[in-house]
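Chemist: Numbering (the UniProt record's numbering), first residue to last: 1 to 467.
Don't be surprised by glycine CBs; every beta carbon is placed ideally from N, CA and C.
Mind looking over this structure? Questions follow.
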């Protein structure tokens, strides 16, 4: 019977038009989900590593992430290509004990996995293995840190692959538009600098080993482990990790820096010239840092305007009611020292001017002031119910707690998140709307053919994809 109901519900969705789908979803009412947020604590290992653990012995598998707080923001005057070339070459190079493919092949033989990623804030080493193979796997992984082995032939091969990626990065209008918008907002920072082939080709092996050495010596480290683990198994692992490097300067991005870049762009529309049928439109702006009191109200208003899928004004008014866009929405990104918001739409070239006008109209105070209590309650319930997915697996549960600490969120942030969302009023949304949802404080970037230049009557600045 349950299967039949699911099939019938699926068929009913299939027969709905896009507009009817939006109205159907909008009318659904869900009560706030009740669940307990896990309490996560940490311990400080004698080696200096802070350990976050969450035991789950359902399967005999261990999942671990080592966070080393040395990332792209520590590049200094070095080119941004260093971090990406190191990231893609490092794990493939293995260790001196298990060089090149022997490293990953040995781990795969034992059913284990290993990866390296270098993001803006930190470098993350992720690995997983069967508990029964722990005595065989951990020494292999340990060798990666004890005896790093950057292989020059692999670095050369990786350069070629990255060069091909750079040549193809303008193929997708959405990816191109988002990249150019980010470059403009983060101008003058490492975060806003894209890779260039000439800089990539000029890199030497010593450029990578220097940055690699800094990462391995970084004293601030956190270890996240879940599954069927025993912490004592890692005692020797931690004691051998490098430490003791002096703290190096790093880039700091603040809302004031980003706001200054918005002012420099002025009110011109940045047209990234590309001969495409589907035009991508982006409006990107500045938000405060993650632990700012306005964080909660911004999240709810953003959900109503663009992040709520079929429930949002962007999808309903631009896509469903007018049929002007293939997709439309918005997203926020909150970091320790700043935040950003982006509104976007993908439309036909001939509709670009109308869509941009509508995108601006839907964030005006007039609309935000007209929001109803029913819309507020629906958005709050949706966000509260979606919050549970931060804890859908144990690794993500640990990562959420670490992110809370990294961003200096208050104690009990995860436990109190739903209460903070639930207490919001329409007055809160109107207030943050006037502060952060202002079309004249957003950088507009459009990816489309040059013919669009005439559509916006002289307010266009032409941008080459590789400018």
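With DSSP run on the structure shown, which of helix, strand or coil describes residue 22?
Modeler: Unreliable positioning characterises residue 22 in this predicted model, as indicated by a pLDDT of 46, which lies under 50. A coordinate reading is not provided.
Chemist: What is the rounded straight-line gap between the Cα of residue 301 and the Cα of residue 353?
Modeler: One C-alpha to the other measures close to 25 angstroms.
Chemist: In this structure, how does DSSP classify residue 335 when only helix, strand and coil are distinguished?
Modeler: Correct three-state label for residue 335: coil.
Chemist: Taking residue 44 as the reference, give the member of 219, 394 and 417 with the closest Cα.
Modeler: The shortest Cα separation from residue 44 among 219, 394 and 417 belongs to 219.
Chemist: Using CA coordinates, which residue listed in 207, 455 and 440 is at the minimum distance from residue 259?
Modeler: With distances taken between Cα atoms, residue 259 lies closest to 440.
Chemist: Leaving out five residues on either side along the sequence, give the residues of the same chain with a beta carbon under 8 angstroms from the beta carbon of residue 111.
Modeler: Answer for residue 111: 129, 130 and 133, listed in chain order.
Chemist: Start and end of the beta strand (DSSP E) containing residue 273?
Modeler: Taken as a continuous stretch (DSSP letters only), the beta strand (DSSP E) holding residue 273 covers 269-273.
Chemist: Rounding to the nearest angstrom, what Cα-Cα distance links residue 313 and residue 416 in this structure?
Modeler: So the alpha carbons of these two residues sit roughly 28 angstroms apart.
Chemist: In its own chain, which residues sit with a C-beta less than 8 angstroms from the C-beta of residue 47, not counting the 5 before and 5 after it?
Modeler: Cβ within range, chain order: 238, 239, 241 and 243.
Chemist: What would DSSP say about residue 222, mapped onto helix, strand or coil?
Modeler: The answer is strand: DSSP assigns residue 222 an E or B state.
Chemist: So the alpha helix (DSSP H) residue 433 belongs to, where does it begin and stop?
Modeler: Taken as a continuous stretch (DSSP letters only), the alpha helix (DSSP H) holding residue 433 covers 426-436.
Chemist: Taking the CB atoms as reference points, tell me whether residue 336 and residue 292 lie closer together than 8 angstroms.
Modeler: Cβ atoms of residue 336 and residue 292: not closer than 8 angstroms.
Chemist: Thinking C-beta only, is residue 151 closer than 8 angstroms to residue 100?
Modeler: A contact, by the Cβ cut-off of 8 angstroms.
Chemist: Please report the straight-line C-alpha distance between residue 261 and residue 157, rounded to a whole angstrom.
Modeler: Distance between the alpha carbons of residue 261 and residue 157 is about 37 angstroms.
Chemist: Taking DSSP as the reference, what is the three-state secondary structure of residue 442?
Modeler: Of the three classes helix, strand and coil, the one that applies to residue 442 here is coil, per DSSP.
Chemist: Decide yes or no for the touch test of the region 92-107 against the region 208-216: beta carbon pairs closer than 8 angstroms, at least 3 of them.
Modeler: Too few Cβ pairs lie closer than 8 angstroms, so no.
Chemist: Please report the straight-line C-alpha distance between residue 431 and residue 303, rounded to a whole angstrom.
Modeler: Between residue 431 and residue 303, the C-alpha separation is close to 16 angstroms.
Chemist: Note down, in chain order, each residue of its chain lying with its Cβ closer than 7 angstroms to the Cβ of residue 298, except the 5 sequence neighbours on either side.
Modeler: Only 287, 332, 432 and 436 meet the Cβ criterion.
Chemist: Where does residue 77 land, buried or exposed, given buried means 16+ other C-beta within 10 angstroms?
Modeler: So residue 77 counts as exposed.
Chemist: Taking the runs of the beta strand (DSSP E) that are 3 residues or longer, which of them lie wholly in the region 274-326?
Modeler: List check, beta strand (DSSP E) in window: 278-287.
Chemist: Just to confirm the assignment, what range does the alpha helix (DSSP H) spanning residue 88 have?
Modeler: Note, residue 88: alpha helix (DSSP H), 81-93.
Chemist: List the whole-angstrom C-beta distance separating residue 149 from residue 273, where the pair is believed to meet the contact cut-off of C-beta under 8 angstroms.
Modeler: Contact doesn't hold; Cβ gap of about 45 angstroms is too wide.
Chemist: Quick check on the DSSP output: the beta strand (DSSP E) that includes residue 64 runs from which residue to which?
Modeler: Residue 64 -> beta strand (DSSP E) spans 61-68.
Chemist: Mind checking which residues open and close the beta strand (DSSP E) that includes residue 399?
Modeler: Counting along the chain, residue 399 falls outside any beta strand (DSSP E), though it belongs to the alpha helix (DSSP H) covering 394-406.
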